[in-house]
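Worksheet: one structure, shown below.
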Amino acid sequence: MTEPRPVPQPQASRSRLRRFFAVAGPGIVVMLADSDAGGMITAAQSGAEWGYRLLPLQFLLVPLLYVVQELALRLGVVSQKGQARLIRENFGAFWAMVATTALIVASFGALLTEFSGLAGVSALFHVPVPLTMAMVVAGLSAMAYFGSYLTVERIAIAIGAFELVFLWVAFQAKPDLAAMTREALDVPVSEPRYLYLVAANIGAAIMPWMIFYQQSAVVEKKLKVADLPAARLDTAFGAILTQLVTAAVLIATTATLGGERGGASLTSIGEIAGALTPFLGQEIGKLVFALGITGAAIVATIVVTLASARTISDMLGFDQPLGHRAREARWFYGSYTAMLIAAALIITSGVDLVNLSVAVQVMNALFLPLVLGFLFLLARRLPRPYRLEGGYASAIAVLLAGTGLLAVFTAIAGIGG
């Protein structure tokens, strides 16, 4: 007589689900920030100039994005330290300073792209840019000064969720599937402008501040090694989501403009809004676009400034997370507020918002060998069984080295062309 098969216990499933929702947050926040205003602008520019030719790249970046952020997650959970502190402890103060400088430069560039997106939205509704910048700086400063980590995380997810409207926009655009297939197989590698946008899309997907933020966020959220499976699922979900949103922007722009090889580039946020939402009607389209870009820009601004402030504190040896009083965490809050004010002043002075946003993503691509190199070397120094080793380590080394070389090659070829 056979024994009855055990019936799955709903309690165990509920327990796993509760653990996932307790752990979820850092991965989703960083991925919502990844599809930021700069990334949206880059995707729209890619569609306007090259149609669907850069669409396959968006999906090829999903596994790479997951691998990079999973390493950052693993480092944070196992070491309970931020990236800058680990670099200082393992490679010395000089290399910690180099890594921190690269992060601050990349973060400030990213902050300019987020504020440029917000400035473009304010111009659509005829709101003075200085007023918009003042409101953003005041609101985000108040959030950081008076909110805990969990409060900030929830605000970031709630605001960032607005960028999901671009998935609906792409569906409503009714793209031509035959043209999508035909153009996806056309890879014009001899065109410098195409290579420039390849570098920009790689730099838009993998940014230094994302790595620093996720590692610090899991430390601040006090995740443990037992939380790794749920945190990895959080990160995988976020990686898929962010590239779907980016692909949606590219698809919608191409469906509207019918981007040809080397087509005309977009020159303003207003043009991007017009390209993305003509079938929704002028007013509704403007509102949908504004919600999407604002959500993307605000969540990325939160992540960028927190990543930089935490890293500066980390490099100096201070443990200053959110929730400390300003007097107790001067470096953290001081650097956070200073970055917001400086970026707002530059955007208020008037710059070419679209070209600036794409150029910042290319700069990110040039930083990738340094950032990915530190990530890999630190993962190789983790204690077993969390250390990166064996065949998996070799595969990751090839993947990261290849990505870094491709990013630098396409950036230089695109700039030089």
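Note that the sequence shown covers residues 259 to 675 in the working numbering.
Using N, Cα and C, we set each Cβ at its ideal position, and we do this for glycine too.
Per DSSP, the unbroken alpha helix (DSSP H) holding arginine 332 starts and ends at 313 to 337.
Contiguous beta strand (DSSP E) elements confined to the segment 645 to 672 do not occur, taking only those with 3 or more residues. Shown here for valine 427: same chain residues with a beta carbon closer than 7 Å to its own, the five before and five after excluded, namely Ala506, Ala510, Leu534, Thr535 and Val546 in chain order.
Its Cα nearest to that of alanine 548, the residue Leu422 stands out among Leu422, Met401 and Leu318.
DSSP places serine 380 in the uninterrupted alpha helix (DSSP H) bounded by 351 to 382. Valine 287 places its beta carbon less than 8 Å from that of alanine 414. In the structure shown, the three-state DSSP call for valine 447 is coil.
Listed in chain order, the non-local C-beta contacts of glycine 550 below 7 Å within the same chain comprise Phe420, Glu421, Val423 and Phe424, local neighbours out to five positions each way being set aside. Rounded to whole angstroms, the gap between the alpha carbons of valine 336 and serine 474 is 12 Å. In the structure shown, glycine 309 falls within a coil segment according to DSSP collapsed to helix, strand and coil. Under the criterion of beta carbons closer than 8 Å, alanine 295 and leucine 524 do not qualify as touching, at roughly 14 Å. With fewer than 16 neighbouring CB atoms inside 10 Å of its own CB, threonine 439 falls in the exposed class. The DSSP assignment places 407 to 418 as complete runs of the alpha helix (DSSP H) inside the segment 391 to 423, in order along the chain (cut-off: 4 residues). Of the residues Ala659, Met597 and Pro641, the one whose Cα lies closest to the Cα of alanine 364 is Met597.
Going by beta carbons, isoleucine 604 and valine 395 fall outside the 8 Å limit. Scanning Ile654, Ile362, Leu636 and Val666 for the CA closest to the CA of glutamate 347 turns up Leu636. Separation of alanine 360 and alanine 436 (C-alpha to C-alpha, rounded to the nearest whole angstrom) is 42 Å. The residue from Ala306, Ala392, Leu664 and Leu502 with its alpha-carbon nearest to that of valine 620 is Leu664. In this structure, DSSP gives glycine 539 a state outside helix and strand, which the three-state scheme calls coil. Isoleucine 542 sits exposed, since fewer than 16 C-beta atoms from the chains shown fall within 10 Å of its C-beta. Glycine 297 sits close to threonine 504, with the two beta carbons spaced by under 8 Å. Of Phe632, Ala567 and Ser652, the smallest CA-CA separation from tryptophan 353 is found for Phe632. DSSP, reduced to helix, strand and coil, places aspartate 485 within a helical segment of the structure shown. By the neighbour-count definition (other C-beta atoms within 10 Å, threshold 16), alanine 555 is a buried residue. When the five nearest sequence neighbours on each side are left out, the beta carbons in the same chain lying within less than 6 Å of the beta carbon of alanine 669 are those of Ala457, Val620, Ala623 and Leu624, in order along the chain. Nearest Cα to arginine 588 within the set Ala567, Ser607, Ala601 and Met573: Ala567.
For valine 476, the enclosing alpha helix (DSSP H) stretches over residues 466 to 478. Less than 8 Å separates the beta-carbon of alanine 531 from that of leucine 382. Taken through DSSP and simplified to helix, strand or coil, glycine 592 comes out as helix.
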